[in-house]
Amino acid sequence: MDDKELGKKVKWLEKQRQKDAETITRLKERLEGNITTIESLQRQVKELAGETARIAAMSSKVSEVESALAKHRQAISRMIDESSKTSEGSVDGKDSYGRSDIEKLSKTTVELREGLRDLSDIRKQIDQQREEQVQISRGLNTIEKRFEGQVVFDEERAIVLASLEEGRKQDMKRVTDILSELSDMRERTELARSSVDSMQDRIEQSEIRLSQLSGREKERREAQDLWTEQQTSKIVEFERERKAWAARFDEFESKAEEFQDRAMAYDETYRNLRQLQGELTDTQERLDRRIHEIGEMQRLAEDRASQEWTTFKADEQKRWNTQKLTNDEQWREHMRLHEKLASEVGTMSDNVKKLLQGFGDMQEHDRQRIMELLKNLREWAAEVESRQSLK
113 MDDKELGKKV KWLEKQRQKD AETITRLKER LEGNITTIES LQRQVKELAG
163 ETARIAAMSS KVSEVESALA KHRQAISRMI DESSKTSEGS VDGKDSYGRS
213 DIEKLSKTTV ELREGLRDLS DIRKQIDQQR EEQVQISRGL NTIEKRFEGQ
263 VVFDEERAIV LASLEEGRKQ DMKRVTDILS ELSDMRERTE LARSSVDSMQ
313 DRIEQSEIRL SQLSGREKER REAQDLWTEQ QTSKIVEFER ERKAWAARFD
363 EFESKAEEFQ DRAMAYDETY RNLRQLQGEL TDTQERLDRR IHEIGEMQRL
413 AEDRASQEWT TFKADEQKRW NTQKLTNDEQ WREHMRLHEK LASEVGTMSD
463 NVKKLLQGFG DMQEHDRQRI MELLKNLREW AAEVESRQSL K
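Encoded structure:
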């Protein structure tokens, strides 16, 4: 039962060591999780910085779009003025319309083509005005074709001028539509600017939030450093206590080995005593057999003496006294031998009793030592449990 309790205590200590190892592992995992959280916060800060740069690029692109729209409005106004002048000159001077006017129209067409190139450049930047610009380019292509037809067919210039006038009206209408679209685009630009302002406000809020997060991160790092120092001190204290308990456990193992050696010596002594007791029992049995044989021999001798006494009573009267003396001497010798054997048996019995008494004293002493060892072990276990409960 004592060995079982000792084994249970050893298993309990092993379980406590495993629990401490698991606690250290969980603390390491929590530390790694905190490091991962810090890295994710740093990535979020980088993403916010990228978002800020992207919003700044968007604001610069909005400024470029506004400047491009201003250039586009100037080019459209210039083309409208030149087209109006050309149309008025053609109406007032129908009779004197000549080659020079056609060259002016060609120049106007070239300028319109350059305007179309500018419009195509703006169309690459503003995707929403692509359809309107395509319609304008088609109208300009129609005007160019009519101008070329006027050069080829001079006799039909009045019809061409009328067509140009109609085309001019349509162009004016389209330009008006374009201006309205430009006003819509301006409104959209204002909305985009307001969106940029709101994004700027969000960026400022994000910066404030980032500063707050940085402060919290600093506080968390300080708390984490303090916690790490505390855990390190606890681990050092636990390691010191573990070494002390390991030393005590080694001492206990050495005592257990000593106790085991003494138990083996006790077993060996007990076996020797059992062997000695067996030999003593055999000697006593042999002695009993010898006494029985002597008694049987005496009985036979008495029977024979009685028979001889009956047969030779008359003849052996003289020898009777001698025989009687001889028998008495033999009997006294027998009694002396019996007393000697009895004294030897008593001496051996006393020795056996002394050995048994010494063995009992040794067993009692060992039992007291074991009880003291168990008492120390219980005190040690109670001390460990009290420390664990305090932790």
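When you number the sequence shown by the working numbering, it's gap-free, plus one each residue, and the end is 503. C-beta: ideal position from N, C-alpha, C; glycine also.
**Q.** Beta-carbon contacts of D204 that lie in its chain and below 6 Å, excluding the five residues immediately before and after
**A.** What you label residue 204 is simply residue 92 of the sequence shown in a count that begins at 1. Unreliable positioning characterises D204 in this predicted model, as indicated by a pLDDT of 46, which lies under 50. A coordinate reading is not provided.
Q | Spatial neighbours of L468 in its chain, beta-carbon cut-off 8 Å, leaving aside the 5 residues before and after | A | Start at 1 with the first residue of the sequence shown, and residue 468 comes out as number 356. Taken in chain order, the residues that qualify are L385.
Q) Below 9 Å between beta carbons: does that hold for F364 and L489? A) Your numbering for residue 364 matches position 252 in the sequence shown. Your numbering for residue 489 matches position 377 in the sequence shown. For F364 and L489, yes; Cβs fall inside 9 Å.
Q: Look at M474 and T381 and say whether their C-beta atoms are less than 9 Å apart.
A: By 1-based counting over the sequence shown, the position of residue 474 is 362. By 1-based counting over the sequence shown, the position of residue 381 is 269. Result yes, Cβ atoms of M474 and T381 sit closer than 9 Å.
**Q.** Rounded C-alpha distance that separates T452 from W432
**A.** On the sequence shown, position 340 is the one that residue 452 refers to. On the sequence shown, position 320 is the one that residue 432 refers to. It is Lys, not Thr, that sits at residue 452 in the sequence shown. Cα-Cα distance, rounded: 29 Å.
**Q.** Own chain residues within Cβ distance below 6 Å of E200, not counting five before or after
**A.** If you number the sequence shown from 1, residue 200 lands on position 88. For E200, the predicted structure reports a pLDDT of 49, less than 50, and the residue's modelled location is therefore unreliable. A value from the coordinates is still provided. Taken in chain order, the list of residues that qualify is empty.
Q: Return helix, strand or coil for K127, following the three-state DSSP convention.
A: The residue labelled residue 127 in the question sits at position 15 within the sequence shown. Helix at K127.
Q) Alpha carbon to alpha carbon, what distance is there between R360 and W492? A) Along the sequence shown, one-based indexing puts residue 492 at 380. Along the sequence shown, one-based indexing puts residue 360 at 248. Going by the C-alpha atoms only, they are around 10 Å apart.
(Q) Taking 8 Å as the limit between beta carbons, can you name the residues of its chain near G210, skipping five residues before and five after? (A) Taking the first residue of the sequence shown as 1, we reach residue 210 at position 98. Unreliable positioning characterises G210 in this predicted model, as indicated by a pLDDT of 43, which lies under 50. The coordinate reading is nonetheless provided below. Answer for G210: no residue qualifies.
Q: Below 8 Å on the Cβ atoms is my guess for L392 versus M447; work out the distance and round it to an integer in Å.
A: Counted from its first residue, the sequence shown places residue 392 at position 280. Counted from its first residue, the sequence shown places residue 447 at position 335. In fact, because the Cβ distance is near 23 Å, the residues do not count as touching under 8 Å.
Q: Report the three-state DSSP secondary structure of D427 (helix, strand or coil).
A: The residue you call residue 427 lines up with position 315 of the sequence shown. D427: coil per DSSP, three-state reduction.
Q. In angstroms, rounded to a whole number, what distance separates the CA positions of Q419 and A413?
A. Position 307 of the sequence shown, counted from the start, is the residue given in the question as residue 419. Position 301 of the sequence shown, counted from the start, is the residue given in the question as residue 413. About 10 Å.
Q.
Given this structure, state the Cα-to-Cα distance separating E351 from W357, to the nearest angstrom.
A. Numbered from 1 along the sequence shown, position 239 holds the residue referred to as residue 351. Numbered from 1 along the sequence shown, position 245 holds the residue referred to as residue 357. When rounded, the distance between both Cα atoms is 10 Å.
Q: Report buried or exposed for A494, applying the criterion of at least 16 other Cβ atoms within 10 angstroms of its Cβ.
A: Counted from its first residue, the sequence shown places residue 494 at position 382. Counting Cβ neighbours within 10 Å, A494 comes out exposed, since fewer than 16 surround it.
Q. In whole angstroms, what separates the C-alpha of Q324 from that of K330?
A. As a working note, residue 324 is residue 212 in the sequence shown. As a working note, residue 330 is residue 218 in the sequence shown. For Q324 and K330, the distance between alpha carbons rounds to 10 Å.
Q) Cβ atoms of E370 and R499: under 9 Å apart, would you say? A) Reading the sequence shown from its first residue, position 387 is the one you call residue 499. Reading the sequence shown from its first residue, position 258 is the one you call residue 370. Their beta carbons are not under 9 Å apart, which means R499 does not touch E370 by this criterion.
Q: Under 7 Å Cβ to Cβ from A133, same chain only, skipping five residues before and after it: list those, please.
A: One-based indexing of the sequence shown puts residue 133 at position 21. None.
Q) To the nearest angstrom, how far is it from the Cα of Q480 to the Cα of S366? A) Reading the sequence shown from its first residue, position 368 is the one you call residue 480. Reading the sequence shown from its first residue, position 254 is the one you call residue 366. Q480 and S366: Cα-Cα distance of roughly 18 Å.
(Q) Out of W443, K465, H450 and K131, which one is the CA nearest neighbour of L388? (A) Your numbering for residue 388 matches position 276 in the sequence shown. It is K465.
(Q) One question on the structure: do V457 and T395 come within less than 9 Å of each other, judged by their Cβ atoms? (A) In the sequence shown, the residue the question calls residue 457 occupies position 345. In the sequence shown, the residue the question calls residue 395 occupies position 283. Closer than 9 Å, so yes.
Q: Given a cut-off of 9 Å, decide if A417 and Q435 are closer than it, judged by their beta-carbon atoms.
A: By 1-based counting over the sequence shown, the position of residue 435 is 323. By 1-based counting over the sequence shown, the position of residue 417 is 305. The Cβ atoms of Q435 and A417 lie closer than 9 Å to each other.
Q | Straight-line gap, T135 to I320 (C-alpha atoms, nearest Å) | A | Looking up residue 135 in the sequence shown gives position 23. Looking up residue 320 in the sequence shown gives position 208. Roughly 38 Å between the two C-alpha positions.
Q: Identify which residue in Q429, Q410 and R332 has its Cα closest to the Cα of D440.
A: In the sequence shown, residue 440 corresponds to position 328, counting from 1. Taking only the C-alpha atoms, the option nearest D440 is Q410.
Q: Look at the Cβ atom of D478, then the Cβ atom of A335, and state whether they are nearer than 9 Å.
A: By one-based count along the sequence shown, residue 478 stands at place 366. By one-based count along the sequence shown, residue 335 stands at place 223. With contacts defined as CB atoms closer than 9 Å, D478 and A335 fail to qualify as a contacting pair.
**Q.** Proximity to H404 [Cα-Cα], best of Y378, H450 and T137
**A.** Within the sequence shown, numbered from 1, the residue matching residue 404 stands at position 292. Selected option, being the one with the closest Cα: H450.
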